[in-house]
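In this note's numbering, the protein residues as written are 547 to 715.
For every residue, glycine included, the Cβ atom is placed at its ideal position computed from N, Cα and C.
Before any comments, here is the structure.
Set out below in structure tokens:
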């Protein structure tokens with residue numbers, strides 16, 4: 547909760563450096579690979595080979611990726627798949643984390659980044675989550691000059707969480 551309060555109050559300093567999103571994604575997938583194997587969820591990485599550098603705080607960007615990929619793993623059942631993609635879209639880099647998990651009903655999508663919001667109140671009991679990871683991710687992406695959103699075709703049909711960050715000029 548302290549981290550959420552700090553992020554919401556913008557009481558932190560971004561240590562912006564030129565970096566490649568591919569390196570950040572590699573760090574997170576290496577960190578989480580054991581959990582993917584233990585749960586029996588496959589991880590697919592699909593990164594454009596020519597992604598440009600971005601100005602970002604490595605630790606904060608890792609926090610965003612860890613929250614998104616960790617959530618995807620958490621809500622994807624054994625035998626499912628999580629796919630991380632990164633593409634250049636004009637003057638931005640788009641990263642998407644798509645899963646074959648439980649999905650989100652359309653009426654809940656506008657609220658998934660709200661503090662403590664849960665599309666299904668039983669999720670916290672079954673998964674051990676605190677309900678603040680997506681809120682922190684949203685604040686950190688916005689602090690980097692980006693935007694973040696969620697899509698889902700509905701319950702039982704998986705979800706995709708995406709964010710865009712500006713390309714370094």
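Per DSSP, which one or two residues make a beta bridge with residue i?
i           : result
residue 611 : For residue 611, which the question treats as bridged, DSSP gives no partner whatsoever.
residue 592 : 631
residue 659 : In the DSSP output, where bridge partners are listed per residue, residue 659 has none listed.
residue 565 : 600
residue 712 : 638
residue 697 : 706
residue 643 : 630, 707
Among the options, whose alpha-carbon lies nearest the alpha-carbon of residue i?
i           : options            : result
residue 702 : 696, 621, 711      : 621
residue 641 : 563, 678, 683, 663 : 683
residue 612 : 564, 574, 659, 710 : 574
residue 597 : 696, 582, 635, 590 : 635
residue 608 : 572, 628, 590, 591 : 572
residue 623 : 696, 700, 584, 570 : 584
residue 604 : 694, 595, 570, 576 : 570
residue 590 : 694, 610, 628      : 628
Since I believe residue j is in contact with residue i (beta carbons under 8 Å), could you give me their beta-carbon distance rounded to a whole number of angstroms?
i           : j           : result
residue 606 : residue 560 : 6 Å
residue 681 : residue 659 : 6 Å
Given residue i, which residues of its chain have a CB within under 6 Å of its CB, disregarding the five upstream and five downstream residues?
i           : result
residue 698 : 649, 650, 705
residue 593 : 568, 632
residue 643 : 614, 615, 618, 630, 707
residue 661 : 681
residue 601 : 562, 714
residue 669 : Any reading at residue 669 must be qualified, since the residue scores a pLDDT of 43, below 50, and its modelled position is unreliable; the value itself is stated next. Excluding positions up to five away in sequence, the list is empty.
residue 694 : 684, 687, 709
Sorted by chain position, which residues of the same chain lie with C-beta nearer than 7 Å to residue i's C-beta, five sequence neighbours on each side aside?
i           : result
residue 626 : 587, 645, 646, 647
residue 599 : 564, 565, 566, 714
residue 581 : 619
So, at 8 Å on beta carbons, what are the nonlocal neighbours of residue i in its own chain, with the 5 sequence-adjacent residues on each side left out?
i           : result
residue 638 : 692, 710, 711, 712, 713
residue 674 : Only weak support exists for where residue 674 lies, its pLDDT of 48 falling under 50; the value from the coordinates is given anyway. So the list is empty, once near-sequence residues are dropped.
Using 8 Å as the Cβ pair cut-off and three pairs as the minimum, do the stretch 645-652 and the stretch 680-692 touch?
-> Cβ pair count under 8 Å is below three, so no.
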